[in-house]
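Working notes for the structure below.
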Amino acid sequence: MKQYLKIALRNSTRQKKRSLLLGGAIAFGFLIITLLNSFTGGLLVTIQNNFSNAFGGHIYITGKEVNERNKEVSVMNNSAVLLESIDALRMDIASISKRSQTSGNLIFGTRQYRQKIEGVLLSEEKEFSTAFAVTAGTIDDLSKENAVMLSTETVQLLNLQIGETVLYKTTTTTGQQNVGEFILVAVFADQSGFGLTSGYTNLESLNKIIGLPAGSYQTVNIFLKDMASIDAKTELLYEKLKTKAIVESRETEKDETEDTHRMAANMMRMMGVQTIREVPPEESWEKTKFTIATLNDYTDQIMSLVEVLNVIGFIIFIVLMIITMVGIMNSFRMVMIERTQEIGAMRAMGVQKNNIRNIFIFEALIIALLGAAAGLFFSVTISGILGLVNFGTDSFISFFLDKGYLSLVIPVGEIFRNIITVSFLSLAAVLLPARAAAKLKPVVALQTNY
Amino acid sequence: MAIISLHDVTKDYPLGKTVVHALKGVSCEIQRGEFITIAGPSGSGKSTILNMIGCIDTPSSGNVKINGTDTSALSDKSLTQLRHQVLGFIFQSFNLIPVLNVYENIEFPLLIGKNGMHPSEKKTWINTLIREVGLDSWKTHRPSELSGGQRQRVAIARALATRPEIVLADEPTANLDSETGETIINLMKKMNHEFKTTFIFSTHDNMIVEIADHVIRLKDGIITENSRKKKTGVAV
Chain C
1460 MKQYLKIALR NSTRQKKRSL LLGGAIAFGF LIITLLNSFT GGLLVTIQNN
1510 FSNAFGGHIY ITGKEVNERN KEVSVMNNSA VLLESIDALR MDIASISKRS
1560 QTSGNLIFGT RQYRQKIEGV LLSEEKEFST AFAVTAGTID DLSKENAVML
1610 STETVQLLNL QIGETVLYKT TTTTGQQNVG EFILVAVFAD QSGFGLTSGY
1660 TNLESLNKII GLPAGSYQTV NIFLKDMASI DAKTELLYEK LKTKAIVESR
1710 ETEKDETEDT HRMAANMMRM MGVQTIREVP PEESWEKTKF TIATLNDYTD
1760 QIMSLVEVLN VIGFIIFIVL MIITMVGIMN SFRMVMIERT QEIGAMRAMG
1810 VQKNNIRNIF IFEALIIALL GAAAGLFFSV TISGILGLVN FGTDSFISFF
1860 LDKGYLSLVI PVGEIFRNII TVSFLSLAAV LLPARAAAKL KPVVALQTNY
Chain E
108 MAIISLHDVT KDYPLGKTVV HALKGVSCEI QRGEFITIAG PSGSGKSTIL
158 NMIGCIDTPS SGNVKINGTD TSALSDKSLT QLRHQVLGFI FQSFNLIPVL
208 NVYENIEFPL LIGKNGMHPS EKKTWINTLI REVGLDSWKT HRPSELSGGQ
258 RQRVAIARAL ATRPEIVLAD EPTANLDSET GETIINLMKK MNHEFKTTFI
308 FSTHDNMIVE IADHVIRLKD GIITENSRKK KTGVAV
């Protein structure tokens, strides 16, 4: 077999231009699909990371209670049962944050800006102070009463300076309009974009504004050590918590609209929008009703979109390859005609039919694989260069970027799939000419003169 | 026993609406170690008879036996094996593999099937053949870098690589000038003498016919002369 491989390898360089053209077409297709796969692969991770940073975790637990006026209030007063359940996952947890949040308007002079503010339990979130790129002021001052830290974008819009006081108009958990005051102590660089960036204050200061008792919080967010285990760990937590408290079902509703409404309500709560709803007596409950949501619940649709992008890319790749394969088929028909006497001589010398066929197949595979290798090389090079370009963090596309940089992941699985596809299509393209060459009668082949 | 025997072999080719009778009942025997020429004008059936002996074509009727085996009973695979093990070929237009160099072209038949040769023995044998055909300093050259005579020398060495019992050469001098042609025939004769290989070659050049010790003359698909000069000295 080695000698036929050697002949095939050398044959592939006999008509350099032709081989370059065919290999080049394969390389181009491979370059495009690998770049697309690298982009979408990186996009998935980037979006997940940006979402988890914007929402402050991978698993989000919110609580709601029915108050004395039969209104649904976003709060969790009996969080002990929740913390007990979370304790079962402690080995897998990177960090936990207990926060309150609300959405309202920051007012400074004549300027207003809608902003979600999160109240952070700073005594427990040790890593909070290192999670931000602070551009002005100091994050340590955030523990002071009514201190606030805002993004550069917000500060610029309001034309606010460190030490200045800004008004904050929001809704309390019971639906009352309230106005509080914040003093700007720190400014941080916005990394998440898409308007999902929060402002931060200490938990006590925010609780005062939204009417929650001291020490209460509305959400518990969990960062896991391994993002891939979100679904499994959430299921575990859900099953544990279900035995101790009322937990909103995570089963998919038969009615898709119900599902969408439920997710939208969760999202609103996580965005700090105080949703006040009158609870009919038959639906009422005691203590806290917990809702568990995950990063995947919100990113699944984006992931599906990315998958669709990958599928479309693969279809385009297949079409490109089929066009190339038609070229390969025609080229090898020509090659067979050019080498008819050579085939005849080989057959006369005792080369079996299948080995004549193998020489052609090897030659096509060599061209295809070298083309794929070239495409892979160029895609990795281009990815590397694109990865060095900073696209900035101040536009809406920053949400698809990792701190302003394109995140391109070498898609090993897809590369293997594409190599197999290219090899298979090359094989299919060359099979007919190769079989025709193998079927040539030695006497006819030797007498042929082109 | 004759190494090759042809019994009442005919070969008909369809040519448009007519049929060409290339061989019309040819019978002959060839003995081991002979240096035979099949002579005759163009269209006399020389190549056809060589194709039958070389198992690259089948007779329309009659049979061809090689070492007593009737080749008409063999499958394509067996015929291919037989060609590899028993026969060597030298072609008019050399038909070397253009992507292989001199050494590799000669080595090629040894790589096709099992030959039981140790790699070092194989290397020595190929180098011997290269030396015998006088291409010592051309080993690494590709066919495109050789003259016609040199290419035919490579073809002779390649034909002998598997130590075949029979070497068939279809007009080996047709593409060469007369001086080179004579050198090639003399080289074949030398190989026939040294390796005791049966050489059968076709030609229409009477000068070359003189060198052969067994002459089969054809005309219009019929044998007109079958004579062994040296051994018997009489026409059979």
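Protein chains in written order, with the numbering used here: chain C, 1460 to 1909; chain E, 108 to 343. Glycine included, C-beta positions come from ideal geometry on N, C-alpha and C.
message: Any contact between the segment 1670-1686 of chain C and the segment 1515-1527 of chain C? By contact I mean 3 or more CB pairs, one from each, below 8 Å.
response: Contact between the segment 1670-1686 of chain C and the segment 1515-1527 of chain C is present: three or more C-beta pairs spanning the two stretches fall below 8 Å.
- prompt: Would a check of beta-carbon distances place residue 1445/C closer than 9 Å to chain E?
  reply: Given a span of 1460 to 1909 for chain C in the structure shown, any question on residue 1445/C remains unanswerable.
query: In the DSSP assignment, what are the bridge partners of residue 162/E?
result: When DSSP reads this structure, residue 162/E sits in no beta bridge, so it has no partner.
message: Distance cutoff 9 Å, beta carbons only. Does residue 1899/C sit that close to anything in chain E?
response: Closer than 9 Å: no.
message: Taking beta-carbon pairs under 9 Å, can you tell me which members of the segment 1864-1883 of chain C lie near chain E?
response: So the list is empty, because no residue satisfies the distance condition.
task: Give the straight-line distance between the Cα atoms of residue 334/E and residue 316/E, rounded to the nearest whole angstrom.
output: C-alpha separation (whole angstroms): 11 Å.
query: Who are the neighbours of residue 1822/C on chain E, taking C-beta pairs under 8 Å?
result: For residue 1822/C, no chain E residue has a C-beta closer than 8 Å to its own C-beta; the minimum C-beta separation is roughly 11 Å.
query: By the 10 Å Cβ neighbour count, where 16 or more other Cβ atoms means buried, how is residue 1525/C classified, buried or exposed?
result: So residue 1525/C ends up on the buried side.
Residue 1850/C in three-state terms, based on DSSP: Residue state for residue 1850/C is assigned as coil, using DSSP reduced to three classes.
field: Closest by C-alpha distance to residue 274/E, when choosing among 206/E, 188/E, 265/E and 212/E
entry: It is 265/E whose Cα lies nearest to the Cα of residue 274/E.
query: What residue from 195/E, 295/E, 117/E and 206/E has the CA that sits closest to residue 127/E's CA?
result: If we check each option's Cα against that of residue 127/E, 117/E comes out closest.
task: Name the two residues that bound the continuous beta strand (DSSP E) containing residue 130/E.
output: From DSSP, the beta strand (DSSP E) with residue 130/E extends over 125-137.
query: Unbroken alpha helix (DSSP H) runs of length 4 or more, entirely within the segment 156-210 of chain E: which are they?
result: Listed in chain order, the complete alpha helix (DSSP H) runs (minimum 4 residues) inside the segment 156-210 of chain E are 183-193.
task: Look up residue 1411/C in the DSSP assignment and say whether it is helix, strand or coil.
output: Residue 1411/C falls outside the range modelled here, since chain C spans only 1460 to 1909, and no answer is possible.
- prompt: Which residues in the same chain have their Cβ closer than 8 Å to the Cβ of residue 1786/C, if we skip the five residues on either side of it in sequence?
  reply: Exclusion of the five residues before and after residue 1786/C leaves 1480, 1481 and 1484 as the residues of its chain whose Cβ lies within less than 8 Å of its Cβ.
- prompt: Expressed to the nearest angstrom, what Euclidean distance is found between the alpha-carbon atoms of residue 1499/C and residue 1709/C?
  reply: Straight across, the Cα-Cα distance linking residue 1499/C with residue 1709/C is about 28 Å.
Residue 1889/C - DSSP class collapsed to helix/strand/coil: Note: residue 1889/C maps to helix in three-state DSSP.
Alpha-carbon to alpha-carbon, residue 325/E and residue 136/E: Per the coordinates, the alpha-carbon of residue 136/E lies some 15 Å from the alpha-carbon of residue 325/E.
query: For a contact meaning CB atoms closer than 8 Å, what does residue 1905/C contact in chain E?
result: Chain-ordered, the chain E residues with CB closer than 8 Å to the CB of residue 1905/C read 163, 198 and 202.
query: Is it buried or exposed for residue 1793/C, if we count other Cβ within 10 angstroms and need 16 for buried?
result: Flag for residue 1793/C reads exposed.
task: Count the CB pairs spanning the segment 1662-1671 of chain C and the segment 1500-1514 of chain C that are closer than 8 Å, and state whether there are at least three.
output: Taking a cut-off of 8 Å on C-beta distances, the segment 1662-1671 of chain C does not touch the segment 1500-1514 of chain C, as fewer than three cross pairs fall below it.
message: Using only the alpha-carbon positions, how far apart do residue 1752/C and residue 1579/C sit?
response: Straight across, the Cα-Cα distance linking residue 1752/C with residue 1579/C is about 20 Å.
- prompt: Is DSSP giving residue 1647/C helix, strand or coil here?
  reply: In the structure shown, residue 1647/C sits in a strand (DSSP, three-state: E or B).
field: C-alpha distance - residue 341/E paired with residue 330/E, whole-angstrom precision
entry: With a pLDDT of 40 at residue 341/E, under the threshold of 50, the predicted position of this residue should be treated as unreliable, though the coordinate-derived value follows. Residue 341/E and residue 330/E have their C-alpha atoms roughly 16 Å apart.
- prompt: residue 188/E versus chain C: which residues are under 9 Å apart at the beta carbon?
  reply: Correct list: 1809 and 1811.
message: For residue 149/E and residue 296/E, I'd like the C-alpha separation in whole angstroms.
response: In this model, residue 149/E and residue 296/E are separated by some 24 Å (Cα to Cα).
message: Can you check whether the C-beta of residue 216/E is within less than 9 Å of a C-beta belonging to chain C?
response: For residue 216/E, the answer is yes, since a Cβ of chain C falls inside 9 Å of its Cβ.
- prompt: Apart from the five residues on each side of it in sequence, which residues of its chain come closer than 6 Å, Cβ to Cβ, to residue 1820/C?
  reply: Cβ within range, chain order: 1889 and 1893.
- request: Give every residue of the same chain whose Cβ lies closer than 6 Å to the Cβ of residue 1829/C, excluding the five residues on either side of it in the sequence, and list them in chain order.
  value: Counting only residues of its own chain and dropping the five nearest sequence neighbours on each side, residue 1829/C has a CB closer than 6 Å to the CB of 1482.
Residue 1564/C, DSSP secondary structure in three states: Of the three classes helix, strand and coil, the one that applies to residue 1564/C here is strand, per DSSP.
query: What does residue 1640/C pair with, by DSSP beta-bridge criteria?
result: 1626/C.
- prompt: Anyone know if the C-beta pair for residue 1587/C and residue 1576/C falls short of 9 Å?
  reply: Residue 1576/C sits away from residue 1587/C, with the two beta carbons spaced by 9 Å or more.
query: Between which two residues does the alpha helix (DSSP H) carrying residue 1498/C extend?
result: Start and end: 1475-1514.
message: Using C-beta distances below 7 Å, list every residue in its chain close to residue 108/E, excluding the 5 sequence neighbours before and after it, in chain order.
response: Answer for residue 108/E: 175, listed in chain order.
- request: Specify the secondary structure class of residue 216/E as computed by DSSP and reduced to three states.
  value: Helix, per DSSP.
- request: Give the range of the alpha helix (DSSP H) segment to which residue 1904/C is assigned.
  value: For residue 1904/C, the uninterrupted alpha helix (DSSP H) segment begins and ends at 1901-1906.
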